[in-house]
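Chains as they are written, first to last, in the working numbering: chain S, 1 to 433; chain U, 434 to 866.
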């Protein structure tokens, strides 16, 4: 493609890019329809010109639900070798995206090797890296400095960046008028808030949004508009603070697109089941159908240790209602930086939630996968079941840890297996199974 | 209470039983309303006169969602000591019900000690026990023999029994006209089907339904009308076979209630998300608002090893739409008899799904639990968080396995903790946190 154009600029000129072709092929869709949807901003294809080994993915309306894997070091745990193992796991399990959320020390080397290694879409939150990259305390950082960090990430080849540009003075005023139980739980959002209060300035990314877009446009980085005010507990769901910020993000979607930048919007957070659909619908209207990227939502606060499940429930419901992109949550949420097992559990839970939503949304190709599994079950074809399973290695090891007496069955029912009983009875009746 | 009456008979005479008082207190509801709902058959209180240490629970419309734990031995794994450990685990984790699904050898001794030990509602599937109890091959068992097995379970004190009375000749004809991918996956249903085909007889529980009810009425056992035709894969969901049987079960609900027997109805199975609400609504209309007891539903077939999660998604959605009782599913579903860890994972997943639905349905008392957890989080009160968590021991061990440098935080964010940053900033602003 013409490397001067972003995907949305190309689409508006009716140019079908190589990335659009890839997305169309993977999704069993017409390239022209993909191109039209990108032009409208309903689909984004995050693809930094510098991420040369990227396998392009589309995120948005009518496409299969995508999943993201967070990893990266923290101040307490900064073993990059461990993080590279998680990258390998994410790639092997076919995660669509990886976000490097490293927030301690010099992060460029890991980010660069991540971009070089992984065909997944790579995302970052430049704000996390500001203090480490600039080597200054928060209060000495200028708005220009923040843009420099974004520029560095852009050059390094990341495909999308989370920018908390919506937490403006006006949004903060709205929030502080209403009592919240957990205030801000967004890491990037909390840093912007602290910086605004220390310096007395407006949100730097909001104030300098056009300059920001200029950087993003140059590399075709998709802006992922972060939700600093996402609810961190059921009490705070869908409240004034959250929705005021979402109104603000809707304005910024339009401004980004006017600047030739692809935009998506990040969403909650902790939300009870009965509010999830409303959250998706209101995002789609306020943000002009920009793709919606949700973290969970977690449908209850009371299950630390099992938040990959509270998030899988919310994610499946959200994606069924129209969310396009699920950020995984691991069992270690609220407790610690995830280890490799937590990452694996989180990926599997999010993948099955995304696929369950794709079934419900009748995404082309989704149903065939389940059909194949059901046929394998009816035939007791265990190898085929493990081949088709989201995590065949785990399933196989569970079966093999408890071998049945009669080959073919499992120890749940053994001789009493319903499928076996019925297959035999139908055969006796002269019916094909 | 007058031990000659079942709960539904007492309710029809406007008698508020001790069990109704217990349910009203636990559920923050008016005893009169509980009594009225029991009279209408919208709430059941499974409570065998012989289960003397039972803590009574109500199952039905307007009440909190209940959960059931399956356990029991199979031909391949018949270690009763292991099963008693699972009972202990279920009771410690406050499961509302335990079903003993033992299907090999003489099961009475375990069943009796389960009833004596556990305050949970105890359920069984007498059909599983028929061959072992009667010491005859399936083809030699008579309809009367089947009723003898039910009588034995009734005397032993079980509070509810699953009876697959709805798989009649007519339902089988409907099924065989349409191709199914997985035919019958119900263990009890498959045995009835095989017996009907071997003997040429009608379903014995359907044909002798009034005699069956006489046994159940005597002890006040709730009948749980089993769904032999529940879909075992996404392909087969909500099909002719399933819904024909459900029509049949609706007729049997009325006949049971006319006989003074409390009735609930069992439901699927494997169902895609977009069909779950319809399944609940149609059960409620066809079965006259009898409580609905669902197994999952599992929202995709492709995740063996993670079916506690596919079921938690379906269960949360089902209970939000009106399902009253969730049967847990463990990670070992489709693979093996669950071990103790599988049971723990299954209970936790089902509990959080049930609670998420209770939040969504605004069940009295549900929201307060999450509020307390959010307050504990805002105060970094880890002991309180673990006290409130569904599985505090697991959460604590995960945190302690990765101790942070700064006490109070965790290794996910450490110094970068959003809650900490915002609490400090608000304090600097002179605002209370």
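C-beta: ideal position from N, C-alpha, C; glycine also. Keep in mind that this is a model prediction, so the values were computed, not measured.
In the three-state scheme derived from DSSP, where H, G and I count as helix and E and B as strand, residue 412/S is classed as coil. At a beta-carbon threshold of 8 Å, the residues of chain S lying near residue 862/U are 197, ordered along the chain.
When secondary structure is reduced to three states using DSSP, residue 830/U falls in the helix class. Within chain U, no C-beta atom comes nearer than 9 Å to that of residue 168/S; the closest sits roughly 16 Å away. In the three-state reduction of the DSSP assignment, residue 58/S falls in the coil class, being assigned neither a helical nor a strand state. Of all C-beta pairs linking the stretch 501-508 of chain U to the stretch 536-552 of chain U, three or more are shorter than 8 Å, placing the two stretches in contact. Within the stretch 33-47 of chain S, no residue places its CB atom closer than 7 Å to a CB of chain U.
Within the same chain, and ignoring the five residues on either side of residue 277/S in sequence, the residues whose Cβ sits closer than 6 Å to its Cβ are 321.
At a cut-off of 8 Å, the C-beta of residue 364/S has no neighbouring C-beta in chain U.
In terms of Cβ geometry, residue 655/U and residue 479/U form a close pair [threshold 8 Å]. The secondary-structure analysis by DSSP pairs residue 725/U across a beta bridge with 698/U. In this structure, residue 227/S sits away from residue 181/S, with a CB-CB distance that is not shorter than 8 Å. For residue 459/U, the closest alpha carbon among the candidates 718/U, 529/U, 620/U, 535/U is that of 529/U. Interface flag for residue 303/S against chain U is set, since a Cβ pair is found closer than 8 Å.
Among the CB atoms of chain U, none fall inside 8 Å of the CB of residue 325/S. DSSP places residue 589/U in the coil class of the three-state scheme, outside both helix and strand. Those residues of the stretch 337-360 of chain S placed with their C-beta closer than 7 Å to a C-beta in chain U are 337, 348, 349, 352, 353, 355, 356, 357, 359, 360, ordered along the chain.
In this structure, 34/S is the residue among 34/S, 24/S, 29/S with its C-alpha nearest to the C-alpha of residue 14/S. Taking 9 Å as the Cβ-Cβ cut-off, the stretch 508-540 of chain U approaches chain S at 508, 509, 510, 536, 537, given in chain order.
Within chain U, 789, 792, 793 have C-beta atoms less than 8 Å from the C-beta of residue 272/S, given in sequence order. At least 8 Å separates the CB of residue 605/U from every CB of chain S. Taking 8 Å as the cut-off, the beta carbon of residue 270/S is found closer than this to the beta carbon of residue 297/S. When DSSP states are grouped into helix, strand and coil, residue 97/S belongs to the strand group. For residue 760/U, the enclosing beta strand (DSSP E) starts and ends at 758-760. Straight-line spacing of the CA atoms in residue 164/S and residue 157/S works out to 20 Å. When DSSP reads this structure, residue 270/S sits in a beta bridge with 298/S.
Residue 177/S has a beta carbon lying at 8 Å or more from every beta carbon in chain U. When Cβ-Cβ separations below 8 Å define contact, residue 662/U makes no contact with chain S. Residue 185/S and residue 308/S have their C-alpha atoms some 18 Å from each other. Residue 621/U and residue 761/U have their alpha carbons spaced roughly 18 Å apart.
In the pairwise beta carbon analysis, the stretch 619-639 of chain U is classified as not touching the stretch 381-401 of chain S: fewer than three pairs are separated by under 8 Å. For residue 618/U, the closest Cβ of chain S is nearer than 8 Å. Contact annotation: residue 342/S and residue 330/S have beta-carbon atoms nearer than 8 Å. The alpha helix (DSSP H) runs of length 4 or more contained entirely in the stretch 321-373 of chain S are, from start to end of the chain, 340-360.
Assignment of residue 615/U by DSSP, reduced to helix, strand and coil, places it in the coil class. Under the rule that a run must span 4 or more residues, the alpha helix (DSSP H) segments found entirely inside the stretch 560-590 of chain U read 576-588.
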